[in-house]
Amino acid sequence: MGEALHRGHHVTAVVRNPAKYQDLEGAEVRVLAGDVTDSDAVARLTVGHDAAITAAYAPGAQPDVFFPAAAHGRRRRH
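In the working numbering, the protein residues as written are 3 to 80.
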């Protein structure tokens, strides 16, 4: 996030609990609640954005299940 801000980008940080990250909010940063494994939420939150970078981590999650869901959330449709 620091690098994106340094380069002049506006940043939207999607986190599970925005209350824990209020210190990040500012003129160039929006903090929103979201779940990277929920394809509908990812689709809604990325409207109007040029790029998405994930730093998702789930201790104990099975990587072959968690990461494909997070990485391809927009492509999965029910």
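Each residue gets a CB set at the ideal place from its N, CA and C atoms; glycine is no exception. Since the model is a prediction, treat every value here as computed from it, not as a measurement.
- Taking 8 Å as the cut-off, the beta carbon of Val17 is found no closer than this to the beta carbon of Ala29.
- Taking C-beta separations shorter than 6 Å and ignoring five residues to either side along the sequence, the partners of Ala54 in its chain run Thr48, following chain order.
- Distance from the CA of Val31 to the CA of Val44, rounded to the nearest whole angstrom, comes to 18 Å.
- Secondary structure of Arg46 (DSSP, three-state): helix.
- Excluding its 5 nearest sequence neighbours in each direction, Pro20 has C-beta neighbours in its own chain below 6 Å: Val33 and Ala35, listed in chain order.
- Restricting attention to Thr39, Thr14 and Leu7, the CA atom closest to the CA of Pro65 is found in Thr39.
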